[in-house]
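Numbering (this note's numbering), first residue to last: 4 to 811.
Structure (structure tokens):
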């Protein structure tokens, strides 16, 4: 890109004529452009001494500096997002997004500032420096907003809309009184068309949030467009329109693209900006192609419409690193498609507008055709509708169960717990339910935790928190639908193990089968997970059967199915036959509480209430639950972190209720190790749960297994095999998986063996847990947090536990 034909609006004509080489007179600027556009809104540039550099060196510096700036932005944003995801996985404090924005802004300024002080005859290059410096400052400012947690996306969008709109308004007022740039109708309509073209992939692959969230996303996108139109306003394009058409598009589009990359890095919650960094910068070429009469309005419209895609059609709460095939993958595909369409629009516009002038009605027709195509695409192939989040209202009055008769039979205890929970919830929830009904607010009551799930956002949350009897209001996220459902785990080998593998022999399960003739007969294990493949050879004969043995609140399936394979693996480890399950003689019931590897407080409670008092499809858990059909043992290979809406005490009343009912609650410790104090998420942190860490075949605690503190805080109860554990995979196969999710079912199966061999222990949760801990064997070395913090009482030994119980 050559700069010798450009003028600086800050300087008079005469000095410029003296500075230009006589042998290369510049082309004349269009008369309309010279007389109608204001000078740069950021004030006159500082005086600089003449540089001895040739023009090609200055142009080359700008080209290389732009690449370095984009690289710095991508590395800074991508690296911080990756660190943020790893912090979520490990349960650690997230990195500081504001610091990332400030540091990146300083790096950009270091490369952009020298450009601003180039000689005046390189006015276009100087404009690039000013645009990039402005983008760096705005990145630092907008990046600070990302300190707002992603679970409060509505608050973030409101702050983004106010910030972008406020800055753009201040810039507009700063220019007040100066002549406004012309806004040709054809260019404005073509800007709308190009923006809608960039929006098309999001209409197909994304989904909108609730009413308030969507409205705020529209406002935030409009404010962001206004900000882009300010940074790349008429003052900027004024310096490029003197170039030939293709130099304008290639040179001006490149500079504009770098500026848009800086702005896009500050757009959206954690993860959203990665999609914006792919989709938005390419629009710089389309913006350049539309500059017949220099104007920032067309740029603002173009960018604002396209920005609605990542802001409105993606939920930052669902941008998980572990779910690359899910929302994150869809967002990246949509962003890449938007990038390609943006480039196509830019160079098509450059080609068409170079040869002919498009009439306003033709340009408007193009915009209408693109809009109608998008709406049709959205309605027929997308996920139309609004999918706003819910709120979980926790009441301050939770049911007291400590006075129940602990010597009653297990059946009587389960029934007594169910009746008391339902009666207490009915009585204490009535005032709030009446208010919700009066305002027509959709809500669902729960009794296991005395609370109500209500559809609504930030405004309703504030109102609910002020109602009498309300303790606190948690977020209850709703997953937005995705076009491509996550893939199921591979089938693995079709051959079942010929003999019990290391994990079963380590805990002594085969010796219990042979010496005590106990395989779990008469015991029912409940599995809350991603589902169960009920047709798998290792699982089909163990299903209890009946309408009240399977519940799927996510998809409404009527027979056992598995959406990912995780639940099939964990259930078979507890109860499967063919040498993969600890208690092959036990039976199982199942519930789907995980969809796409995540859930919410209400979804976890849906399954837990089903386990306490099973019911048939379509029946009311409050009125139709049958506690006599409750399973004896629960296997829970899941956790509810803050990102899913749970605080530390969210599910504590539910777990306490199972203990009072005599139902053994086994739960995986979590995979946030090896840091000390990483055992933090419910329900593993609760004293009334039996928490299981993971060990390897070498009898050492795995690195991924969550750990407690050496002193104080929640601890695991013991450890079980959790690395390369072979179990059932969907479709009839078998294969290894690792995680504390694999360790927890070993304990659930062990309790089934113990209660089958010693029926007097059935329902005695305290004595059972004590036996398992007392008979556990030590782990091999744990220098980090200590063996007790890492593995509790040691490694599960069900043979020793059964032997001790029968001796007693």
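Cβ coordinates follow ideal geometry from the N, Cα and C atoms, glycine included.
Across which residues does DSSP place residue i in a beta bridge pair?
{"i": "residue 534", "result": "565"}
{"i": "residue 639", "result": "531, 670"}
{"i": "residue 739", "result": "729"}
{"i": "residue 456", "result": "395, 447"}
{"i": "residue 594", "result": "531, 554"}
{"i": "residue 724", "result": "698"}
{"i": "residue 560", "result": "In DSSP, residue 560 forms no bridge with anything."}
{"i": "residue 546", "result": "591"}
{"i": "residue 693", "result": "669"}
{"i": "residue 601", "result": "598"}
{"i": "residue 389", "result": "211"}
What distance in whole Å lies between the Cβ atoms of residue j and residue i, which are believed to be in contact at a cut-off of 8 Å?
{"i": "residue 147", "j": "residue 81", "result": "Contact doesn't hold; Cβ gap of about 19 Å is too wide."}
{"i": "residue 721", "j": "residue 799", "result": "6 Å"}
{"i": "residue 723", "j": "residue 750", "result": "6 Å"}
{"i": "residue 306", "j": "residue 286", "result": "6 Å"}
{"i": "residue 345", "j": "residue 201", "result": "5 Å"}
{"i": "residue 686", "j": "residue 639", "result": "7 Å"}
{"i": "residue 401", "j": "residue 486", "result": "Going by Cβ atoms, the distance from residue 401 to residue 486 rounds to 41 Å, so no, they are not a contact pair."}
{"i": "residue 263", "j": "residue 231", "result": "6 Å"}
{"i": "residue 211", "j": "residue 76", "result": "Not a contact, Cβ separation roughly 28 Å."}
{"i": "residue 460", "j": "residue 253", "result": "That belief does not hold up - the Cβ atoms of residue 460 and residue 253 are roughly 45 Å apart, past 8 Å."}
{"i": "residue 479", "j": "residue 213", "result": "Between residue 213 and residue 479 the Cβ distance is about 12 Å, and since that is not below 8 Å, they are no contact."}
{"i": "residue 172", "j": "residue 374", "result": "Contact flag wrong, Cβ pair sits at about 28 Å."}
{"i": "residue 812", "j": "residue 313", "result": "With the chain running from 4 to 811 in the structure shown, residue 812 is simply not present."}
Please state whether DSSP places residue i in a helix, a strand or coil.
{"i": "residue 496", "result": "strand"}
{"i": "residue 510", "result": "helix"}
{"i": "residue 1", "result": "Residue 1 is absent from the structure shown; the chain starts at 4 and stops at 811."}
{"i": "residue 474", "result": "strand"}
{"i": "residue 118", "result": "helix"}
{"i": "residue 703", "result": "coil"}
{"i": "residue 246", "result": "coil"}
{"i": "residue 434", "result": "helix"}
{"i": "residue 780", "result": "strand"}
{"i": "residue 574", "result": "helix"}
{"i": "residue 293", "result": "coil"}
{"i": "residue 675", "result": "coil"}
{"i": "residue 769", "result": "helix"}
{"i": "residue 479", "result": "strand"}
{"i": "residue 74", "result": "helix"}
{"i": "residue 504", "result": "coil"}
{"i": "residue 36", "result": "Note on residue 36: pLDDT 33, under 50, position unreliable in the model; the coordinate value appears next. Three-state DSSP puts residue 36 in a helix."}
{"i": "residue 634", "result": "coil"}
{"i": "residue 647", "result": "helix"}
{"i": "residue 811", "result": "coil"}
{"i": "residue 95", "result": "coil"}
{"i": "residue 263", "result": "helix"}
{"i": "residue 414", "result": "helix"}
{"i": "residue 759", "result": "helix"}
Could you check if residue i belongs to the surroundings of the ligand NAD, using beta carbon to heavy atom distance under 8 Å?
{"i": "residue 295", "result": "Summarising the ligand content, the structure contains no ligands, and the ligand NAD is consequently not present."}
Is the segment 558-566 touching the segment 591-599, taking contact as three or more C-beta pairs under 8 Å? yes
Contained alpha helix (DSSP H) runs [length at least 4] in the segment 138-225, N- to C-terminal order: 156-177, 188-208
Would you check if there are 3 or more beta carbon pairs closer than 8 Å linking the segment 801-810 to the segment 688-707? no
Whole alpha helix (DSSP H) elements within the segment 782-807, 4-residue minimum: 790-794
Would you check if there are 3 or more beta carbon pairs closer than 8 Å linking the segment 608-615 to the segment 652-663? yes
At least three beta-carbon pairs within less than 8 Å, the segment 242-250 to the segment 264-282: no
Residue ranges of each alpha helix (DSSP H) run of no fewer than 4 residues wholly in the segment 341-387, ordered along the chain? 363-384
Tell me, please, whether the segment 570-579 touches the segment 537-546 by the rule of three or more beta-carbon pairs shorter than 8 Å. yes
Three Cβ pairs or more, each shorter than 8 Å: is that satisfied between the segment 65-78 and the segment 109-122? yes
Would you say the segment 422-438 touches the segment 639-654, given that touching needs at least three Cβ pairs under 8 Å? no
How about the segment 392-399 and the segment 466-475: do they share at least three Cβ pairs that are nearer than 8 Å? yes
Quick check: the segment 576-590 against the segment 526-538, are there 3 or more CB pairs under 8 Å? yes
Of all the alpha helix (DSSP H) runs that stay within the bounds of the segment 277-322, which reach a length of 4 or more residues? 286-292, 299-316
Could you tell me whether the segment 695-713 touches the segment 787-801, where touching means 3 or more Cβ pairs closer than 8 Å? yes
Inspect the CB distances between the segment 408-416 and the segment 366-384 and report whether three or more fall short of 8 Å. no
Inspect the CB distances between the segment 286-303 and the segment 336-356 and report whether three or more fall short of 8 Å. yes
Does the segment 131-143 come within contact of the segment 85-93, defined as at least 3 CB pairs closer than 8 Å? no
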